[in-house]
Amino acid sequence: MRLNDSIDPSVADSVTITVTAPTDTEAPVIGAIADIAVNTDAGGNTASVVLTAPITDNSGETIAPVFSILGSTITSPMIFRSAPRLLRWMRKTARATKQPSEALS
1 MRLNDSIDPS
11 VADSVTITVT
21 APTDTEAPVI
31 GAIADIAVNT
41 DAGGNTASVV
51 LTAPITDNSG
61 ETIAPVFSIL
71 GSTITSPMIF
81 RSAPRLLRWM
91 RKTARATKQP
101 SEALS
């Protein structure tokens, strides 16, 4: 930004304006996740499961859960073999991934 007093034919002055947004220190909240029970797909030993996790944040931004199994990110719906699985999910925002992750077996 350049400023000049318009009175004297002087050199324009420079002004620097810095705006710092407040830091969001409150982690998003993962709501209660219900147990999921599904039947296997017809004639097979797998089941297609839609994964959801309700997440809210004080920032107002929409936050999508990130699901993973043994450290590998998975998508929803996910095809599972008919055996118990450990599933982890985390909250991810535009600014950063916020831990901790949760577990469901």
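Mapping of the sequence shown onto full-length UniProt numbering: position 1 corresponds to residue 1, and the numbering continues sequentially without gaps. The C-beta atom is built at its ideal place from N, Cα and C for all residues, glycine as well.
Of the residues the options, the one placed nearest residue i, counting alpha carbons only
| i | options | result |
| --- | --- | --- |
| Gly31 | Glu61, Thr52, Gly60 | Thr52 |
| Ile55 | Ile74, Ala27, Ile17 | Ala27 |
| Thr25 | Phe67, Asp57, Ser82 | Asp57 |
| Asp35 | Val50, Thr73, Ala21 | Val50 |
| residue 132 | Asp41, Gly44, Val29 | Nothing about residue 132 can be read from this structure; the chain reaches only from 1 to 105. |
| Ala21 | Asp41, Ile74, Ser59 | Ser59 |
Where residue i falls, given that 16 or more other Cβ within 10 Å makes a residue buried
| i | result |
| --- | --- |
| Pro65 | buried |
| Ile63 | buried |
| Ala37 | exposed |
| Gln99 | Low confidence applies to Gln99: its pLDDT is 48, below 50, so where it sits in the model is not reliable enough to give any reading. |
Integer Cβ distance of residue i from residue j, believed to fall under 8 Å
| i | j | result |
| --- | --- | --- |
| Ile79 | Ser48 | 6 Å |
| residue 122 | Thr46 | Beyond the ends of the chain as shown, which are 1 and 105, falls residue 122; an answer cannot be given. |
Beta carbon proximity, residue i to chain C, threshold 7 Å
| i | result |
| --- | --- |
| Thr73 | The structure shown has no chain C; it contains just one protein chain. |
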